[in-house]
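A short write-up of the structure that comes next.
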Amino acid sequence: MNKKELLDLKEKSLAELREKIDYSKIYEDDKGDFKLKGDFFENQKRLVLKNCGIIDPSSIEDYIGLDGYKALYKAIFELDRKEIIDIVKDSGLRGRGGAGFPTGRKWEAAFLQDTDIKYIICNADEGDPGAFMDRSVLELDPHSVLEAMAICARAIGSNKGFIYVRAEYPKAVRALEIAIDQAKKYNLLGDNILGSDFSFDIELRLGAGAFVCGEGTALMESIEGRRGMPRNKEYRTTVRGLWGKPTVINNVETFANIAQIINKGSAWFRSFGTEKSPGTKVFALSGKVKNAGLVEVEMGTSIDQIVYDIGKGIQNDKDAKAVQTGGPSGGCIPKRLFDTACDFESLGAIGSIMGSGGMVVMDEDDCMVDVARFFLEFSVDESCGKCTPCRIGNKRLFEMLDDITKGKANHETLDKLEELSEIVSEASLCGLGKSSPNPIISTMRYFYDEYEAHVNENKTCPSKRCISLLNYTIGEDCIGCGKCKRLCPNEAIAGEARKKHEINQDKCIKCGQCKDNCPINAIALA
């Protein structure tokens, strides 16, 4: 396919797309952009997700109809390699995988390496609990990633790329397989793309679900056929990466911005977001919010706007307590700081991180000690075990948190928890280990009173979530039906028929069967 054929296909495909679009759900604005209808999308700025829900992801024609592969043509025939890199540098695009490293600088570093073999890797190993941003882009707009990888390859001088995607995403894997086959059929991947001297091919590599393989060097170890464990950082991956060759690794969301930046220019991209964090960010909004889902907003949008303007507030109209950003390695932000802007600098200043974009909303019923415990348990399970601070340190941290939630800790435990958190953060080998104590550090910073309540003489959980610190009690409105007595697995409940029953706290194992099955809700946790 040549330029004329590509342009002809664009016009034909756009006309066909207009005919099949469901205009009850989608509208076309005065700029010719298609957008989704509904309150949920009203306050969003969808750049990365602009095609999601609009096009058929299995149709390369739909993608081409909305300027698909126009940027690749431009990168091959109208721009030299340095110009491509300069546009990306000038845009200020920063890596959306969490670290926020300038994308253009990464590409330039690989471009400057004098070697015939270079690699491109798309990191699609999305493992954060509650995160589904990359998965959605791969399932609903796979060609945006393929086109961007080809542009990157053209810029740095590579002819081979890999998409590392977890096998737990079968729909995304299938969408990519179809998209790669279609791109090859239209000569947009493979040898002599669009009749040029540029050749580039992409392979899929399926990960087995190890969270640590989201770390770049561990991911490369896995692609090379070894156990996914981080490498010592002797060299940047742009100098010595996959099989010892210069390698650019960007995540799905980062790549999904590239084609639009090439088409519309760096100034256009900088018109969104903040000076130091241009563009948009996709968040997976979940937890106790009324409207959960994928949210794309300009960098600098406040947490408050995301939770209340887009998410429409807290379920059951309860009070928000915190938002956890950045996945299991992120921090918990209290409600009083919901005016904080969502950009790299602002979130870092209050002890959290952008991460890949998970955003979990918690309400007044959530115990922040238990929240920290939950995320630490995940980090312990997912540690690759290579370095002692992460392998052993996180396990000790989890044990201390577990003791706190079970009433087996004291104030000395809190001191040790704080001290060991700092040690693990400073001494771990990779970024995942270094950031794993963040849930502890942030919750102790903003919710220390909850920690104290758990270890004080009375040992209580203010949110009534830590069952070990609570007692099941039967109220005066008990009708003596005996159902709780019959269901109790440890024979901890006694009482005569039609008279108030009692629970023996020494025998109660706090299974909750009595409360869950009481026909008049006479049993409570206190």
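Residue numbers (my numbering): 596 to 1121.
The beta-carbon is built from N, C-alpha and C at its ideal position, and this holds for glycine as well.
Predicted model only: the values in this text are computed from it and were never measured.
Go ahead and pull the three-state DSSP assignment for residue i.
i	result
residue 892	strand
residue 795	strand
residue 632	coil
residue 1028	helix
residue 822	coil
residue 934	coil
residue 756	strand
residue 927	strand
residue 1083	coil
residue 1060	coil
residue 653	coil
residue 1089	strand
residue 722	coil
residue 609	helix
residue 837	helix
residue 731	helix
residue 986	helix
residue 761	strand
residue 857	helix
residue 691	coil
residue 909	strand
residue 587	One cannot answer for residue 587 here, as it falls past the ends of the chain, which runs 596 to 1121.
residue 831	coil
Between which two residues does the alpha helix (DSSP H) containing residue i stretch?
i	result
residue 989	989–1000
residue 866	First-last for residue 866: undefined, no H or E at that position.
residue 875	Not the alpha helix (DSSP H): residue 875 falls in the beta strand (DSSP E), residues 875–882.
residue 958	From DSSP, residue 958 is part of no alpha helix (DSSP H) but of the beta strand (DSSP E) over 953–958.
residue 717	Per DSSP, residue 717 belongs to no alpha helix (DSSP H); it is in the beta strand (DSSP E), 714–719.
residue 1040	1033–1041
residue 591	The chain is shown only over 596 to 1121; residue 591 falls outside these bounds and no answer can be derived.
residue 1096	Here residue 1096 belongs to no alpha helix (DSSP H), and DSSP marks it neither H nor E.
residue 742	737–751
residue 668	665–672
residue 677	676–686
Cβ atoms of residue j and residue i: under 8 angstroms apart, would you say?
i	j	result
residue 772	residue 799	yes
residue 759	residue 693	no
residue 885	residue 906	yes
residue 690	residue 846	yes
residue 1000	residue 961	no
residue 814	residue 774	no
residue 829	residue 823	no
residue 988	residue 971	no
residue 655	residue 629	no
residue 720	residue 836	no
residue 918	residue 902	yes
residue 755	residue 796	yes
residue 706	residue 752	yes
Can we count residue i as close to the ligand FAD, meaning its CB is less than 7 angstroms from some heavy atom?
i	result
residue 992	In the structure on display, the ligand FAD does not appear, and there are no ligands present to speak of.
Taking buried to mean at least 16 other C-beta atoms within 10 Å of its own C-beta, is residue i buried or exposed?
i	result
residue 923	buried
residue 709	exposed
residue 557	The requested residue 557 is not part of the displayed model; the chain covers only 596 to 1121.
residue 713	buried
residue 1114	exposed
residue 791	exposed
residue 967	buried
residue 729	buried
residue 696	exposed
residue 598	exposed
residue 1084	exposed
residue 781	buried
residue 602	exposed
residue 1051	exposed
residue 1036	buried
residue 992	buried
residue 983	exposed
Taking residue i as part of the beta strand (DSSP E), name the residues at either end of that continuous run.
i	result
residue 623	621–623
residue 844	842–846
residue 916	915–920
residue 1069	1067–1069
residue 1120	1118–1120
Checklist entry - For the segment 763–774 against the segment 864–884, are there 3 or more C-beta pairs whose distance is under 8 angstroms? => result no
Checklist entry - Is it true that the segment 746–755 meets the segment 701–714, where meeting means three or more beta-carbon pairs spaced less than 8 angstroms apart? => result yes
Checklist entry - Is it a yes or a no for the segment 851–861 touching the segment 834–843, going by three-plus beta-carbon pairs under 8 angstroms? => result no
Checklist entry - Between the segment 1006–1021 and the segment 1029–1036, do at least 3 Cβ pairs fall closer than 8 angstroms? => result yes
Checklist entry - Three or more C-beta pairs closer than 8 angstroms, one from the segment 659–666 and one from the segment 924–937: is that the case here? => result no
Checklist entry - Do the segment 993–1011 and the segment 952–961 meet, that is, are 3 or more Cβ pairs less than 8 angstroms apart? => result no
Checklist entry - Would you call the segment 632–646 and the segment 731–739 in contact, with 3 or more CB pairs under 8 angstroms? => result yes
Next on the checklist: Assess contact between the segment 1091–1105 and the segment 1069–1082, defined as three or more Cβ pairs (one per stretch) separated by less than 8 angstroms. Is contact present?
Outcome noted: yes
Next on the checklist: Any contact between the segment 1052–1059 and the segment 1073–1088? By contact I mean 3 or more CB pairs, one from each, below 8 angstroms.
Outcome noted: no
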